[in-house]
Amino acid sequence: MKSFVVRCAWGAIAACVSGCSVTESLRVTSTVLVKVPDPEIHDTKASADGWHFRHVLAAPAADRSQWYVAWNNQRPLRTGFMNPYWMQLFARAPEIADATKQVLGFYPILLEPNRTFARFASKQGAEMLPDKAGLMLRDSATPLVYKKKPSSAWPIVRVSDAEAGLKFDPPGRPAIDPVWYLRDRYSQLASARERVGRPAPGMAIRIGHLDNGYDARHAGLPENLVKESSESLKKRGALSNAVGRLEYEMSVTREEENPGSMSAERLRPPDAPGIGAARASHGLGTIGILAGRRVTLPPQPGVAGYTGYLGGAPHAEIVPVRVAPWVVSLNTAELAYAIDYASREQHCDVISMSHGGAPTQAWADAVNAAYERGTAMFAAESDFFSMVGNPFRPAGIILPASPVYPAAFGRVVGVTGVTSRGGSYGKNDYWRLVLRPWTLLQWAARGSYGADGTSAVLYRPMRKVDPEQVKEQGELHAQPIAAYSPNIPWLAIRKEGGKERADALDLDGSGTSAATPQVAAAAALWLQKNRAEIERAGDWHSWKKAEAVYYALLCSAERGKGDRADFYLGAGTLKANRALDISYRTATAAKYGEDLRCVEAPLDRFDGSRSVFSFLGLGTLKHVSEEKRAHLWQQTLRGESRADALTRLYYNLGLLKEWHGGDLPEKDDQSIYWDRAKRRAANAPARR
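To convert, note that position 16 of the sequence shown is 8 in my numbering; the numbers rise steadily by one, no gaps.
If you want it as structure tokens, here you go:
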């Protein structure tokens, strides 16, 4: 019965999102994730009983564990349209456990569904060869062309030429400021950028940009894109990230004649027609906000011209990682791969994620491990639709108004939106809709709001933040930070004479996706300024580095009355230059503040309250307090037998199954799951 309900729920989810291309996030293939209690990483190509293994991410240091993805080409784990395959995992757990033991030397402690996006081709955008990119002179200004003007459903920033020193056409009349969000009245990114300056060679901060790709033909892209050489791409036939590598390894085990052919579209020459440009437009927009190069925007009637840097941190090294064909991940694994790749393999100091959804245990492990390495992570709180205007509190339609994951994790700072007038991007005025009824869709689109652990679905009231998080970190650390949206500059593709031109700029960039790279850029600037001090303290690869960044940005944020956290704007509005006034020593010494403390954040967890069902308001109505919830058993016993290992594995499988289904078993129920696990282990097929 429950399986039927779960399938119906997935169908309802698919129906809800079918009108906005998010259905691509529900078209997946399934393998299995295997967590092994081994501190060593084995990129082994060995196989056993048809099972192949590939390392995908490292667990937190305290776990001393590794995650591998496993697949069997002869007898794959089959699933339909997002149908759960827990019964297959239970049935085949013994053979997976035996194969894991034979290949990796340990029995697994966890098996988790490994859903990955099925439409591999849809993840590929038009991308020029790395050695053909970035030919523009470093200090020259790339000319761009205005395409879309700001949306009138939200406030528009207009300034005079005397105020901004911009070129106007005609002169002397107020015009739209195309880069308003950079100015001192707003994010202060421009002045912070000038204050920090260009880093010395080899000393630039590295930012991981996790999104849906970008069109690498665009003239406004960052000047320091970090990519593997074209020879490496040709040889391995894979994108320079964990997702592409996994696809390539799986194609090799299937003995495809030319696995490199999967990358044929990726290796197109720079002048080739764009492919997938619409799908990659989101990543193109966010990467420009993060680190867009120096550009020239000619003035036109009503819009001011501009010459200068487009992005907040244009001198940083940018590691682009294509995560998904869209911006939503519902229990899919690629985001965990991407976080691990950016943090562990590419040594990114900051990660910007304008991406989110519902997590898994692998997501939580990837976030925890990256935080321990000192990677500061910033993620969009998400967007929602609402027909509720001021002064009422808006609730989400289809998607919740509360933060999604990974923004809702405690070791990640969520980013919400604030308009140019200082109001919440989650709220809008009715009079704007009355005056411009044709802007209904833009008027209803809002930025999600709220602190870690809150829920704002229609039938469940907003809860307070996780009390343990507040106890350790202070009230402000549980809150997001706000950056500016909507009507932000957004790199775009235009058409002229039937041909695509990769030199356009929209002025209607929106969503918390547009706000997130602003905060990530501010974090990179702060790290650049304080790099020498952090390295002298020996903390460059410590959680202290990430926590100090969080403290500096949250402590310097502009707050309203009482200097307290705001229900909609969280810890406050980004002030990048003000953050630079806080030194690393000051940040790490702040342990006893009333509202914010710079101490190690508690481990992030996955359970039923963080499942896709809770994310969409379809989970259990029963609330189980943190101290009463059942927990996984991830400790192995010295010299344990196969039966002991399978018992633990079945217990964890049973608990994960409940969590993925949105349920919250209590500690009092643990004996029930252990009894079931022992019976399953006793009846498990003998080793071949």
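Idealized CB from N, CA, C, for every residue including glycine. Keep in mind it's a predicted model, so treat the numbers as computed, not measured.
Where residue i falls, given that 16 or more other Cβ within 10 Å makes a residue buried
{"i": "Ala50", "result": "buried"}
{"i": "Glu488", "result": "exposed"}
{"i": "Glu309", "result": "buried"}
{"i": "Lys419", "result": "buried"}
{"i": "Leu432", "result": "exposed"}
{"i": "Phe401", "result": "buried"}
Alpha-carbon spacing of residue i relative to residue j, whole angstroms
{"i": "Gly303", "j": "Ala192", "result": "19 Å"}
{"i": "Glu87", "j": "Leu81", "result": "10 Å"}
{"i": "Ala328", "j": "Val48", "result": "8 Å"}
{"i": "Tyr441", "j": "Thr411", "result": "13 Å"}
{"i": "Val(-3)", "j": "Asp667", "result": "Because the pLDDT at Val(-3) is just 40, under 50, the model does not fix this residue reliably, and the point stays unresolved."}
{"i": "Ala673", "j": "His652", "result": "22 Å"}
{"i": "His623", "j": "Tyr301", "result": "49 Å"}
{"i": "Ala540", "j": "Ala506", "result": "24 Å"}
{"i": "Glu467", "j": "Ala436", "result": "30 Å"}
{"i": "Trp698", "j": "Ser39", "result": "Residue coverage of the chain in this structure runs from -7 to 680, which leaves residue 698 outside it and unanswerable."}
{"i": "Gly406", "j": "Glu650", "result": "27 Å"}
{"i": "Ala496", "j": "Ile281", "result": "14 Å"}
{"i": "Pro395", "j": "Gln434", "result": "20 Å"}
{"i": "Ser663", "j": "Ser633", "result": "20 Å"}
{"i": "Pro559", "j": "Gly552", "result": "The sequence given here places Phe at residue 559; Pro does not occur at that position. Whole-angstrom Cα-Cα distance: 11 Å."}
{"i": "Val511", "j": "Ala283", "result": "12 Å"}
{"i": "Leu572", "j": "Ala387", "result": "36 Å"}
{"i": "Gly42", "j": "Ala91", "result": "8 Å"}
{"i": "Pro351", "j": "Ile574", "result": "33 Å"}
{"i": "Arg165", "j": "Gly415", "result": "26 Å"}
{"i": "Ala54", "j": "Arg336", "result": "16 Å"}
{"i": "Val28", "j": "Arg630", "result": "15 Å"}
{"i": "Pro312", "j": "Trp518", "result": "21 Å"}
{"i": "Arg556", "j": "Asp30", "result": "44 Å"}
{"i": "Trp535", "j": "Arg528", "result": "15 Å"}
{"i": "Ala89", "j": "Ala538", "result": "36 Å"}
{"i": "Thr324", "j": "Arg602", "result": "14 Å"}
Beta-carbon separation (whole angstroms), residue i vs residue j, contact threshold 8 Å
{"i": "Val295", "j": "Lys141", "result": "7 Å"}
{"i": "Glu104", "j": "Gln353", "result": "5 Å"}
{"i": "Tyr422", "j": "Gly409", "result": "Contact flag wrong, Cβ pair sits at about 19 Å."}
{"i": "Leu483", "j": "Pro170", "result": "Between Pro170 and Leu483 the Cβ distance is about 12 Å, and since that is not below 8 Å, they are no contact."}
{"i": "Val61", "j": "Arg84", "result": "The Cβ separation is near 15 Å, so there is no contact."}
{"i": "Ala196", "j": "His339", "result": "12 Å between Cβ atoms; not a contact."}
{"i": "Arg150", "j": "Ile168", "result": "6 Å"}
{"i": "Phe376", "j": "Arg438", "result": "6 Å"}
{"i": "Trp145", "j": "Arg424", "result": "Contrary to the premise, residue 145 reads as Ala rather than Trp in this sequence. The Cβ separation is near 6 Å, so the contact holds."}
{"i": "Glu464", "j": "Ala593", "result": "7 Å"}
Candidates the options, of which the one nearest residue i by Cα
{"i": "Arg365", "options": "Glu309, Gly530 and Gln434", "result": "Gly530"}
{"i": "Pro695", "options": "His533, Arg177 and Ser152", "result": "Nothing about residue 695 can be read from this structure; the chain reaches only from -7 to 680."}
{"i": "Arg577", "options": "Arg523, Phe607 and Ala557", "result": "Arg523"}
{"i": "Pro481", "options": "Thr23, Val137 and Tyr60", "result": "Val137"}
{"i": "Val315", "options": "Glu326, His307 and Ala305", "result": "Glu326"}
{"i": "Ala514", "options": "Asn479, Leu174 and Pro31", "result": "Leu174"}
{"i": "Asp655", "options": "Asp636, Ser606 and Asn675", "result": "Ser606"}
{"i": "Ile33", "options": "Arg56, Trp43, Trp518 and Ser273", "result": "Arg56"}
{"i": "Glu618", "options": "Ala637, Trp535 and Phe598", "result": "Phe598"}
{"i": "Ile526", "options": "Asp458, Asp341 and Arg621", "result": "Asp341"}
{"i": "Glu25", "options": "Ala557, Pro657, Leu69 and Ser374", "result": "Correcting the residue type first, residue 25 is Leu in the shown sequence and not Glu. Cα-wise, what sits closest to Leu25 is Leu69."}
{"i": "Trp172", "options": "Pro147, Ala330, Trp59 and Val218", "result": "Pro147"}
{"i": "Asn65", "options": "Lys27, Ser22, Gly97 and Thr639", "result": "Ser22"}
{"i": "Leu391", "options": "Leu96, Pro31, Ala676 and Val604", "result": "Val604"}
{"i": "Gly194", "options": "Val218, Gly205, Ala208 and Tyr206", "result": "Val218"}
{"i": "Pro398", "options": "Thr108, Val462 and Ala330", "result": "Ala330"}
Same chain, Cβ closer than 7 Å to residue i, neighbours up to 5 away in sequence not counted
{"i": "Ala133", "result": "Arg286, Val287, Thr288 and Thr299"}
{"i": "Tyr543", "result": "Ala579, Ala582, Leu588 and Cys590"}
{"i": "Ser183", "result": "Asp176 and Asn569"}
{"i": "Arg428", "result": "Ser144 and Ala145"}
{"i": "Leu645", "result": "Leu81, Phe82, Ala85 and Leu103"}
{"i": "Glu658", "result": "Val616, Lys620, Arg621 and Ala622"}
Close Cβ partners of residue i (< 8 Å) along its chain, the five nearest in sequence each way excluded
{"i": "Lys567", "result": "Ser179, Gln180, Ser548, Ala549 and Glu550"}
{"i": "Met128", "result": "Confidence in Met128 is poor, its pLDDT being 44 and thus under 50, which makes the residue's placement too unreliable to answer from."}
{"i": "Pro52", "result": "Asp357, Asn360, Ala361, Glu364 and Leu595"}
{"i": "Leu546", "result": "Val405, Leu468, His469, Gln471, Ile473, Ala563, Gly564 and Leu588"}
{"i": "Thr278", "result": "His201, Asp203, Ser344, Ser346, Ser505, Ala506, Thr508 and Pro509"}
Contact set for residue i: own chain, Cβ-Cβ below 6 Å, skip 5 residues either direction
{"i": "Tyr451", "result": "The predicted position of Tyr451 is uncertain, since its pLDDT is 49 and thus under 50; a value taken from the coordinates is nonetheless stated next. Hits under 6 Å: none found."}
{"i": "Asp35", "result": "His47"}
{"i": "Gln626", "result": "Ile101"}
Check: residue i C-beta below 7 Å from any heavy atom of the ligand SAM
{"i": "Lys37", "result": "No copy of the ligand SAM appears in this structure; indeed no ligand is present at all."}
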